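Residues in the sequence shown are numbered from 29 upward in steps of one, following my numbering.
Report on one structure; see the data block that follows.
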Amino acid sequence: MKTKNQKKSKKIKNVVKLVITGILAYLGINMYTSNNLIFAIILGMLAILVFLFFDRLYRSKLKKHFSKIVRQSYNGRIGEKETIEFTSEYVITQDKTGEGKTKLSEIDKVNETKNNFFIKLTNGTSFIVPKNEPENINLIKDKLNELNISINENLDWEWK
């Protein structure tokens, strides 16, 4: 099931794809009617190529763009040790910069993938907890179940 944002994103992508293809086709037809056959053929072929390969190009550009944002925003934090503790009322996180408390009621949902747990908060941020140690997985699942927080399992999810 697709979310509202996924549907909106797909709609925007398709509109941009059709607009670019339409502009190229329009220019190609204009070139053809003004007896400029070589440019008409080039623009027509370019319109076909854009229509066929736009999705792949768009996806790779988005992935590159967001990867760059993540690298810039979290440059000093990726790979750093951080502890997370669940109490009856709070999620307490601790890293080299200090300690933070988040109320359990602020947890919107928890998604489990093959490699990570994503604990999404109501303010839009997320805690990303890697599943690199088997005892961590069971500890986290047990604690979340104990606190009546459901886990959405998406074990076959991967970046596309």
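Even for Gly, the Cβ is constructed at its ideal location relative to N, Cα and C.
Bear in mind the structure is a predicted one, so any value in this text is a computation, not a measurement.
| query | For the putative contact between N180 and K137, defined by C-beta atoms under 8 Å, what is the C-beta separation to the nearest angstrom? | reply | 6 Å
| query | According to DSSP, is K159 helix, strand or coil? | reply | Correct three-state label for K159: coil.
| query | When the distance is taken between beta carbons, is G56 closer than 8 Å to A68? | reply | yes
| In this structure, does DSSP put I135 in helix, strand or coil? | strand
| message | Under 8 Å, with one C-beta from each stretch per pair, do the region 125 to 137 and the region 146 to 158 reach the 3-pair mark? | response | yes
| request: Grab me the residues of Y28's own chain with a C-beta within less than 7 Å of its C-beta, minus the 5 sequence neighbours each way, in chain order. | output: Because residue 28 is not part of the residues shown, which for the chain are 29 to 188, the question remains open.
| query | I156 and N144 look like a contact to me (Cβ under 8 Å); what is the Cβ gap, rounded to whole Å? | reply | 5 Å
| Could you give the residue range of the beta strand (DSSP E) that holds I57? | Premise fails: I57 lies in the alpha helix (DSSP H), 32 to 61, not in any beta strand (DSSP E).
| query | Nearest to V78 by CA position, among I177, N33, N42, Y60, is which residue? | reply | The shortest C-alpha separation from V78 is found at N42.
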